[in-house]
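Residue numbers (this note's numbering): 2 to 320. Where is the CB? At the ideal position from N, CA and C, for every residue including glycine. Since the model is a prediction, treat every value here as computed from it, not as a measurement.
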């Protein structure tokens, strides 16, 4: 960790992110802000793909890459290389795994980001998607089905200035596509800045952090992982309550439970082998310039787009 990070967060926090009470508090604040932003911006790969395919509205899809650019900018400012805690799988595993994750996201009705937002909206059935993912990670850790791969990291090829210019280009493109069809440009801009910034900071302070790998995160950083997870969902819940001014819980039906659990299991299986879900691909893989991340995300979106075009999708932004 470079001198800037050590001076800003302290040597203990810079090493593990959870050694001190202040470190835990910071992780909690960042987790809360991430959950709040995900709900406030109603950002989700399934929603973005639905708008792109069904309504020819690319703005929300561009916003996902805007968040990735914010993450890359944070890594560049901190002079820290984004790191995958498990190296990329060979193509023979990566390709079918990415396709499987995309199918799972369609079955679930939301990606990882969207599931956090839906749960905050009081749609409790989306919690079963995380239980499905957690079960897959837990079983894999018990049986040790796949060999550990060395971490993969890469220094950023672009400096802060170049990344800031690239970010402005993406924002300008989204503005150009939003003028006639979107009314929440400013809200989504702020939300994407918060998502990219907070996720990158969490990835730096708590190595191994991932919304997808809920169990893996808690295992690798037991206390910090639990704090982040709790504050993440609390932030989403507070954002929804702030927006609607009321508390409405939607109790799941058996059909909902089965659908979300199956979707979570499929996404979990895909995330193990990629490794990582759409959150990891966008906010760690793309900032590190990994072609595997770009390929996996493309393959993740491809079955989503096909399924949405053929069968439709009920996924809609709520803000």
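Straight-line Cα distance separating residue j from residue i
i	j	result
residue 118	residue 40	4 Å
residue 242	residue 195	19 Å
residue 26	residue 55	42 Å
residue 115	residue 46	7 Å
residue 313	residue 86	36 Å
residue 91	residue 153	13 Å
residue 148	residue 292	22 Å
residue 170	residue 71	12 Å
residue 79	residue 200	14 Å
residue 220	residue 178	In this predicted model, residue 220 has a pLDDT of only 49, less than 50, meaning its place in the structure is not dependable enough to derive any value.
residue 266	residue 273	11 Å
residue 61	residue 34	20 Å
residue 205	residue 244	30 Å
Under the three-state DSSP convention, the category residue i falls into
i	result
residue 84	strand
residue 158	coil
residue 320	coil
residue 251	strand
residue 287	coil
residue 33	helix
residue 280	helix
residue 311	helix
Check: residue i C-beta below 7 Å from any heavy atom of the ligand SAM
i	result
residue 29	This structure lacks the ligand SAM; in fact it carries no ligand of any kind.
Where residue i falls, given that 16 or more other Cβ within 10 Å makes a residue buried
i	result
residue 252	exposed
residue 9	In this prediction, residue 9 has a pLDDT of 42, which is less than 50 and means its spatial position is unreliable; what the coordinates show is noted afterwards. Exposed, because fewer than 16 other Cβ atoms sit within 10 Å of the Cβ of residue 9.
residue 255	exposed
residue 275	buried
residue 237	buried
residue 145	exposed
residue 121	buried
residue 240	buried
residue 182	exposed
residue 224	exposed
DSSP bridge partner residues for residue i (one or two, in chain order)
i	result
residue 153	85
Continuous alpha helix (DSSP H) assignments of at least 4 residues falling wholly in the region 91 to 133: 92 to 109, 113 to 121
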